[in-house]
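Q: Numbering (our numbering), first residue to last: 1 to 140.
Heads up, the beta-carbon is just placed ideally off N, CA and C, and yes, glycines get one too.
In this text the structure is predicted, and so the values were computed from the model without any measurement.
1. Which same chain residues, not among the five before or five after residue 192, have their C-beta less than 6 Å away from its C-beta?
2. Going by alpha carbons, who is nearest to residue 97 out of 111, 118, 50 and 91?
3. Pull up the CB-CB distance for residue 99 and residue 74, whole angstroms please, since I reckon it's below 8 Å.
4. Residue 83: which of 109, 77, 71 and 62 sits nearest, CA to CA?
5. Buried or exposed for residue 103, please, with buried defined as at least 16 other CB atoms from any protein chain shown within 10 angstroms of its CB.
6. Could you give the DSSP three-state label for residue 70: helix, strand or coil?
7. Distance, Cα to Cα, residue 138 vs residue 66?
8. In the structure shown, what three-state DSSP assignment does residue 96 receive?
9. Taking only the alpha-carbon atoms, compute the straight-line gap between residue 135 and residue 78 and give it to the nearest angstrom.
10. With a CB to CB cut of under 8 Å and the five nearest residues on each side skipped, what residues in its chain are close to residue 62?
11. Please confirm whether residue 60 and residue 111 have their CB atoms less than 9 Å apart.
12. Locate the beta strand (DSSP E) running through residue 89, then write down its first and last residues.
Below is the structure:
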């Protein structure tokens with residue numbers, strides 16, 4: 001059986017084209033704080049109620065909280081660290097939310113995959129226990 005020269009050329013050509021046509025998957029899930037997050041749970045010492053339709057969006061330096069599709073709070077944020085419990089010296093990641101209304105909140109922010117937890121108990125040095133812990137899921 002005679003080996004044809006064209007055959008030895010076509011096989012490497014076919015393999016090369018196949019490898020070049022493979023695309024790298026660029027649909028990597030976003031990480032970090034930037035993005036829009038939908039409220040999925042609120043823990044607090046408050047009257048029982050259905051979960052409100054709320055979300056929060058973070059850009060590079062701004063935030064906006066929305067309820068029922070309307071902005072209810074917006075402003076700028078900075079990242080810092082600080083203690084979370086009364087008398088504790090353990091440093092945790094804190095967001096300092098400065099609203100346009102002049103109100104400033106210090107919130108412990110924890111991100112785990114597609115979940116964001118904003119723990120408002122850090123306000124007042126972590127000694128306030130009747131504030132909420134809000135859990136959000138990242139929206140696509």
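A: Taking the coordinates as given:
1. The structure shown has nothing for residue 192, since the chain only spans 1 to 140.
2. Numbered from its first residue, the chain shown carries residue 97 at position 97. If we check each option's Cα against that of residue 97, 118 comes out closest.
3. One-based indexing of the chain shown puts residue 99 at position 99. One-based indexing of the chain shown puts residue 74 at position 74. Correct: roughly 7 Å between the Cβ atoms.
4. Residue numbering aside, residue 83 sits at position 83 when the chain shown is read from its first letter. It is 109.
5. For the purposes of this step, residue 103 is identified with residue 103 of the chain shown, where counting begins at 1. Burial call: exposed.
6. By 1-based counting over the chain shown, the position of residue 70 is 70. Here residue 70 sits in strand by DSSP.
7. By 1-based counting over the chain shown, the position of residue 138 is 138. By 1-based counting over the chain shown, the position of residue 66 is 66. For residue 138 and residue 66, the distance between alpha carbons rounds to 14 Å.
8. Within the chain shown, the letter at position 96 stands for residue 96. Note: residue 96 maps to strand in three-state DSSP.
9. Here the question's residue 135 lines up with position 135 in the chain shown. Here the question's residue 78 lines up with position 78 in the chain shown. One C-alpha to the other measures close to 20 Å.
10. Looking up residue 62 in the chain shown gives position 62. Only 74, 75, 76 and 77 meet the Cβ criterion.
11. Locating residue 60 in the chain shown gives position 60, where the first residue counts as 1. Locating residue 111 in the chain shown gives position 111, where the first residue counts as 1. No. Outside cutoff.
12. Position 89 of the chain shown, counted from the first residue, corresponds to residue 89. Careful: residue 89 lies outside any beta strand (DSSP E) and carries neither H nor E.
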